[in-house]
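Peer 1:
Numbering (our numbering), first residue to last: 22 to 209.
(1) Which residue wins for smallest C-alpha separation from residue 44, given the options 27, 28, 102?
(2) Quick check: what's the CA-CA separation for residue 50 versus residue 93?
(3) How about residue 41 and residue 64: are their beta carbons less than 8 Å apart?
(4) Work out the CA separation of residue 122 and residue 132 for me, nearest whole Å.
(5) So what does DSSP say about residue 57, is it helix, strand or coil?
(6) Measuring CB to CB, does residue 120 end up less than 8 Å from residue 136?
(7) Going by CA-CA distance only, name the one from 152, 147, 124, 151 that's closest to residue 139.
(8) DSSP three-state call for residue 36: helix, strand or coil?
(9) What residue range is occupied by the uninterrupted alpha helix (DSSP H) comprising residue 123?
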């Protein structure tokens, strides 16, 4: 039985595939244009060389031309989707290969359930690593903020003429405005 995270992942892949196919259909105007030209040439040649086709109505000929155009559009969108599916298959095979190798090193047979557990553990480890990186970045921001407050305090003690520049610092950003305020203080 499938895991709900697998089901969610599959639904996300389905939605992404649909969006890519739509994007491919809209962007693959080249395919539609190419097949429109082919259709125009085929219909023109048939009209020129075949008296039976020449007797057909313009509506039928327009229908055939629009069919060529739609065929080109569909083939272009499908090309886009096939490339996406190939990329997804390569990524999935690489992950499964990595899982099989990691499980084999532990002496575990790589069944679907074991690969699913391994993938879940790996995703959890990556999530944990991302959380640690985010916390480190937050600590770095706190250090930057502390140095900014120290510079603001230092600037306020040096001159009251920097009050306008400090208000500008709140509006424009942290470090650049403080540096300008301190530079203008040093020039005076």
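Glycine is no exception: its CB is placed at the ideal position from the N, C-alpha and C atoms.
Peer 2: Walking through what the data contain:
(1) To locate residue 44, count along the chain shown from 1; it is residue 23. Closest by alpha carbon: 102.
(2) The residue labelled residue 50 in the question sits at position 29 within the chain shown. The residue labelled residue 93 in the question sits at position 72 within the chain shown. It is roughly 8 Å from the alpha-carbon of residue 50 to the alpha-carbon of residue 93.
(3) Here residue 41 refers to the residue found at position 20 when the chain shown is read from its first residue. Here residue 64 refers to the residue found at position 43 when the chain shown is read from its first residue. Contact flag unset, no.
(4) Along the chain shown, one-based indexing puts residue 132 at 111. Along the chain shown, one-based indexing puts residue 122 at 101. Computed Cα separation, rounded: 12 Å.
(5) Translated into positions along the chain shown, residue 57 becomes position 36. In the structure shown, residue 57 sits in a helix (DSSP, three-state: H, G or I).
(6) As a working mapping, residue 120 is identified with position 99 in the chain shown. As a working mapping, residue 136 is identified with position 115 in the chain shown. Going by C-beta atoms, residue 120 is nearer than 8 Å to residue 136.
(7) Mapped onto the chain shown, residue 139 falls at position 118. Its Cα nearest to that of residue 139, the residue 124 stands out among 152, 147, 124, 151.
(8) The sequence position of residue 36 within the chain shown is 15, counting from 1. Correct three-state label for residue 36: helix.
(9) For the purposes of this step, residue 123 is taken as the residue at position 102 of the chain shown. Its alpha helix (DSSP H) spans residues 79-127.
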